[in-house]
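A.B. asks: Got a structure for you, questions after.
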Amino acid sequence: MPFTGEKSNKLAHSSIIRNPEIIESLSDYKILFNKVPPKETFQELLKEYEIDRTTIRFVYTVDGGFEVIPIDDNFPSAQVGFVQFSQNLVNLEKQSDMVLDGFVDPFKFNQIFEAKTESIDLPIYNTASITDSTILETTRKKIASFFHETKTYREEGECLSSTLFGILSEEDLSKNIHCLNPACRESNNQFEFKKNDFSADNYVCICPLCHKKVYLTDILRLNELVDEEFGSHGILSRLSRVVEQLLPINFIRNLLKDERMSYLNRLTALSSIAFVLDGPLAIYGEPAKINRPILNYLCDINLKLEQHNLPGLVYFGLQKTGKIVEHVELLIKHLQEKNELIKTNSVMVISDNYRYNYIEPKLYEDISLFGKETYYGQDMIIFNQQGNPYVITSLYPQKRTDYGFSDNIFSIESYTRISETISLINELNVDMYSNALLPIVLAHKYASISLQPGVSTLTDFAQSFFNSEK
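In this note's numbering, the protein residues as written are 1045 to 1514.
Here it is, written out as structure tokens:
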């Protein structure tokens, strides 16, 4: 590691590239997965659809961006983090003449687009609120406060804390939330919390053993990413990921509670909205167990829609990077070299067998299904009407505990609105970026924090409020 202010040696790499042992070692490397299936196998896996114009009227999207900022020139290690979320609602009925030749008319864009942003700041290293003595104390309070204050639909609606509380079962909560006081955690008398222990006002309860506060948001286990000695840099991506997955659920729950409409009209409105998330339908790391309550809730919603003779949700995540995207790019290049045409308006469900043969290794032999602990949707490849590929994760058609789950998730017939999903992708396709859909591009525009001027402005902003004498 260099000293502060020391410039790195511009020739330090030369000893590496001349090292015969390194050269010999590198020659022994291989790319684990760089193969494609036989063209017949791939073409057989693609199912073509006759596409009608989509009945979707609105598209809801959400995206998050984050950045870490130093807040005092005298203590460069002292850092805070910012996370920003952009929720967007696009009116497709006004969208038809907004995109011309793949490019967006900025004037017409403003007529169809509604954006709402939410932000949170967190201590990362050597910082805390004035009233707190540790990073952990401030982090827990701020996350709980953010969840309590954040609403997607309207000010009278329920907050994100209420949404989290609502989708959790009694078993989810009792098994996964504990007092974080070390004395309680080490005790054999760990108290088992129940839902009615939490106040409906702020979703906080008091541990009966140590009388310390337990926040509902502690169930996300983000506290495990707080490190007083080395900093909490990993917490921003985990928080961003789980909030991105919960915000659409908050929107749905608030829509269904809107008494300005009849209940049937609320359900009808819901079935006409597509929910498009950035990235796969998955939650990783410490908060991963929340994926199951989310799936269970959305499956219950689909059942209500079915009971009222309405189509189920159009709900998927769009993947812009990753192993599957790289595999598809390699696959297309291979087919083009063979002068093979790709079926348009087609879809392929990525089975576990296909995944482990052509995309990535199976890490453990006893894993029954890919993404068992993290995913609540199935990966698919869609080729639109121009033959352009899109990698999506479509919401599982049923709960994990339902009969036939492990078979039905790989059957394209289980995804009843897949043709409308293809139609929607055709309609929202723009040429701004590779594999881009208009609402995701717009969501990212509002959520991402650019290096310049965004980060420098945030730095000045944070430093103006910081007082090292506090």
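By construction, the Cβ of each residue, glycine as well, lies at the ideal position given by its N, Cα and C atoms.
Would you call S1478 buried or exposed, if buried means 16 or more other Cβ atoms sit within 10 Å of its Cβ?
C.D. replies: Note that S1478 scores 49 on pLDDT, short of 50, meaning its location in the model is unreliable and no value can be drawn from it.
A.B. asks: Count the other C-beta atoms from every protein chain shown that fall within 10 angstroms of the C-beta of K1301, then say buried if there are 16 or more, exposed otherwise.
C.D. replies: exposed
A.B. asks: Determine the closest residue to L1224 out of D1262, L1290 and S1390, with distance taken between C-alpha atoms.
C.D. replies: D1262
A.B. asks: Identify, in the order they occur along the chain, each residue of the same chain with its Cβ nearer than 8 Å to the Cβ of E1202, setting aside the five sequence neighbours on each side.
C.D. replies: K1195, G1210, N1294, R1297, N1298 and K1301
A.B. asks: N1470 and N1428 look like a contact to me (Cβ under 8 Å); what is the Cβ gap, rounded to whole Å?
C.D. replies: 5 Å
A.B. asks: Using only the alpha-carbon positions, how far apart do V1127 and R1461 sit?
C.D. replies: 33 Å
A.B. asks: What do you get for T1161, buried or exposed, if any count of 16 or more other CB atoms within 10 angstroms of its CB means buried?
C.D. replies: Result: exposed.
A.B. asks: For R1062, does the count of other Cβ atoms within 10 angstroms reach 16, so buried, or fall short, so exposed?
C.D. replies: exposed
A.B. asks: Going by DSSP, what residues sit across from F1129 in a beta bridge?
C.D. replies: Secondary-structure assignment with DSSP links F1129 through a beta bridge to G1108 and E1162.
A.B. asks: Which runs of the alpha helix (DSSP H) at least 4 residues long sit entirely within the stretch 1417-1478? Give them in chain order.
C.D. replies: 1449-1452 and 1462-1472
A.B. asks: Grouping DSSP H, G and I as helix and E and B as strand, with all else coil, what is Y1259?
C.D. replies: In the displayed model, Y1259 falls within a strand according to three-state DSSP.
A.B. asks: Within 10 Å of its beta-carbon, does S1315 have 16 or more other beta-carbons around it, so buried, or fewer, so exposed?
C.D. replies: Buried, by the Cβ-count rule.
A.B. asks: Looking at the unbroken alpha helix (DSSP H) that takes in D1322, where does it start and where does it end?
C.D. replies: It is not in any alpha helix (DSSP H) - D1322 instead sits in the beta strand (DSSP E) that spans I1317 to D1322.
A.B. asks: Please report how far the alpha carbon of F1191 lies from the alpha carbon of L1208, in whole angstroms.
C.D. replies: 9 Å
A.B. asks: Give the DSSP bridge partners of C997, in chain order.
C.D. replies: No answer is possible for residue 997: it lies beyond the span of the chain, which begins at 1045 and ends at 1514.
A.B. asks: Pull up the DSSP beta-bridge partners for K1091, would you.
C.D. replies: Looking at the DSSP output, K1091 sits in a beta bridge with V1391.
A.B. asks: Mind pulling the alpha helix (DSSP H) runs of 4 or more residues that sit fully within the stretch 1053-1083?
C.D. replies: 1058-1061 and 1064-1070
A.B. asks: Ends of the alpha helix (DSSP H) at G1210?
C.D. replies: L1204 to I1211
A.B. asks: Is the distance from the Cβ of A1326 to the Cβ of N1335 below 8 Å?
C.D. replies: yes
A.B. asks: The alpha helix (DSSP H) that contains Q1380, what's its start and end?
C.D. replies: K1367 to E1381
A.B. asks: Below 8 Å, how does it come out for the stretch 1275-1290 and the stretch 1232-1246: are there three or more Cβ pairs, yes or no?
C.D. replies: no
A.B. asks: When the Cα atoms are used, what is the spatial distance from R1101 to V1134?
C.D. replies: 8 Å
A.B. asks: Does DSSP classify V1603 as helix, strand or coil?
C.D. replies: Any question about residue 1603 goes unanswered here, given that the chain covers just 1045 to 1514.
A.B. asks: Confirm, please, whether the CB-CB distance from I1376 to D1423 is below 8 Å.
C.D. replies: Here D1423 is not near I1376, since their CB atoms are 8 Å or more apart.
A.B. asks: Sorted by chain position, which residues of the same chain lie with C-beta nearer than 6 Å to P1324's C-beta, five sequence neighbours on each side aside?
C.D. replies: G1361, Q1363 and T1437
A.B. asks: Are the beta-carbon atoms belonging to E1002 and T1178 less than 8 Å from one another?
C.D. replies: Residue 1002 lies beyond the stretch modelled for the chain, which goes from 1045 to 1514, so this question has no answer here.
A.B. asks: Per DSSP, which residues does A1326 bridge with? Please list them.
C.D. replies: Y1419
A.B. asks: Should Y1169 and A1227 be called a contact, given that it needs their Cβ atoms to be closer than 8 Å?
C.D. replies: no
A.B. asks: Rounded to whole angstroms, what's the CA-CA distance from D1396 to T1085? Just pull it up for me.
C.D. replies: Going from the Cα of D1396 to the Cα of T1085 covers about 15 Å.
A.B. asks: Quick one: Cα of N1389 to Cα of Y1434, how far?
C.D. replies: Each residue's alpha carbon lies about 11 Å from the other.
A.B. asks: With K1382 and Q1087 assumed to form a contact (beta carbons below 8 Å), what rounded beta-carbon distance in angstroms separates them?
C.D. replies: With 8 Å as the limit, K1382 and Q1087 do not qualify as a contact, their Cβ atoms being about 11 Å apart.
A.B. asks: Pick from K1239, E1200, N1432 and H1222: whose alpha carbon is nearest that of L1212?
C.D. replies: Ranked by how close their Cα comes to the Cα of L1212, the residues K1239, E1200, N1432 and H1222 have K1239 in first place.
A.B. asks: If you reduce the DSSP assignment to three classes, tell me which class I1493 lands in.
C.D. replies: A caution first: I1493 carries a pLDDT of 36, below 50, which makes its placement in the model unreliable, though a value can still be read off. Correct three-state label for I1493: coil.
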